[in-house]
Amino acid sequence: MYTQYSVQSAAFLLSVVVIAGQALAHTGAMGIVKERMDGMSILGDHAKSVGDMLKGKASFDLVAVEEAGQAFVTHGEKIPSLFPDTEQSREGTATEALPAIWDNWDEFVALAEKFTNDSQALLTVANNLSNGTQSVDHQSRAVRSIFFKTVKNCSACHERFRLDQD
Ligand code: HEC
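What follows is the structure, given as structure tokens:
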């Protein structure tokens, strides 16, 4: 009983620390590091809003899917230029970017391109649906697989090139 309680409170404390850590992630970030963090945060907001719809936590909104697809494409194209090989970019305060990015630059750029291409496909699906007359049910099914395929690129890149937060 006691043990179970401590394990639960330890898990609770850990989650508080993790959330506080995320809130602090931006503190002190400047210049190119702040710029790319801000861009990534916007991607995170869009991914969450569409993810919630597809999980049934929010009602389906095709316009929000189009906005997410557009934001993904626009930011995806900028990713390589937001990671210049400079001291500020590599060592800037609060950055979670790993040196592996610059050691494996072609691979990093290829992941960014794959993300942009999948995002373009997501945007095309959403744009086509907005010109059609399908039911919301049909729309949400059509968006689902391409959306999840697209956001797999986020975690693929983070696993390899972003400091593990845990
Ligand atoms: C090609 C690689 C790549 C792709 C694709 C990518 N990211 Fe990132 N992301 C990074 C890197 C590297 C960082 C760390 C940047 C830093 O701290 O300087 C990061 C940081 C973040 C952060 C933290 C920002 C902050 O304020 O600290 C969020 C949130 C995020 N990404 C969300 C996403 C989402 C959502 C997607 C997909 C829709 C995505 N990313 C796609 C590489 C990528």
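To convert, count from 1 in the sequence shown and add 39; that's this note's numbering.
A virtual CB, placed ideally from N, CA and C, is assigned to each residue, including glycine.
query: Relative to the alpha-carbon of Val-190, which residue among Asp-77, His-85, Lys-73 and Glu-74 has its alpha-carbon at the smallest distance?
result: His-85
- prompt: How about Ser-80: is its Cβ closer than 7 Å to a heavy atom in ligand 1?
  reply: yes
task: Could you check the C-alpha separation between Glu-198 and Leu-168 for me, to the nearest Å?
output: 33 Å
field: At least three beta-carbon pairs within less than 8 Å, the region 109-124 to the region 134-147
entry: yes
query: Between Val-175, Gln-173, Asn-192 and Asn-166, which lies nearest to Ala-151 when the distance is taken from Cα to Cα?
result: Asn-192
Neighbourhood of Gly-70 by C-beta distance below 8 Å, restricted to the same chain and skipping five residues each side: Gln-127 and Gly-131
message: Any heavy atom of ligand 1 inside 7 Å of the beta-carbon of Ala-86?
response: yes
For Ala-136, the residue or residues it bridges with in DSSP: Arg-201
- prompt: Does DSSP put Gly-70 in a helix, in a strand, or in coil?
  reply: helix
query: Helix, strand or coil: which one does DSSP assign to Gly-95?
result: coil
- prompt: Where do the ends of the alpha helix (DSSP H) carrying Pro-119 lie?
  reply: 101-121
- prompt: When we look at the beta-carbon of Val-175 and count the other beta-carbons within 10 Å, is it buried (16 or more) or exposed?
  reply: exposed
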